[in-house]
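Here the structure comes first, spelled out in structure tokens, and everything after it is commentary.
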Amino acid sequence: MMISGFTGLGNGPIVKATTYQMDEGVKQGDMEAMPSFCIGINQANKSTHDSLQEKGSAILSGADYTYILGPPQIAFPEVKLHEERLASIGLKLN
């Protein structure tokens with residue numbers, strides 16, 4: 001599906017109008033965007049949660065903010081695993 005739109009760029013008296021097209025995702029600011037994103041990453045987060053819970057550690061996640069809590073010897077390898085889980089659905093961990 002191709003989505004076309006119109007937006008303004010700049011600020012104050014220097015605002016230029018431009019059009020855009022996108023062929024994946026949803027419009028920025030669409031109220032369905034965040035719930036859809038959260039549903040999309042839920043399984044990766046659940047897998048990381050289950051793995052960390054077995055080791056006495058935790059994951060805290062709110063939308064695209066994720067924190068892995070635990071000692072370095074547990075947390076760092078788990079971050080790598082979480083990165084791989086996210087990559088499997090087309091996301092890149094920053």
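All residue numbers for the sequence shown refer to this note's numbering, where the first residue is 1 and numbers rise by one. C-beta: ideal position from N, C-alpha, C; glycine also.
The Cβ-Cβ distance between Y67 and I59 falls below 9 Å.
C-alpha of K55 to C-alpha of S61: approximately 18 Å in a straight line. With fewer than 16 other Cβ atoms from the protein chains shown falling within 10 Å of its own Cβ, A63 counts as exposed. The C-beta separation of R85 from S47 comes to about 6 Å, placing the pair in contact by the 8 Å criterion. Rounded to whole angstroms, the separation of the alpha carbons of K80 and G10 is 39 Å. Per the coordinates, the alpha-carbon of A33 lies some 10 Å from the alpha-carbon of I39. At the C-beta level, L69 and L93 stay beyond 9 Å of one another.
For A63, the three-state secondary structure derived from DSSP is coil.
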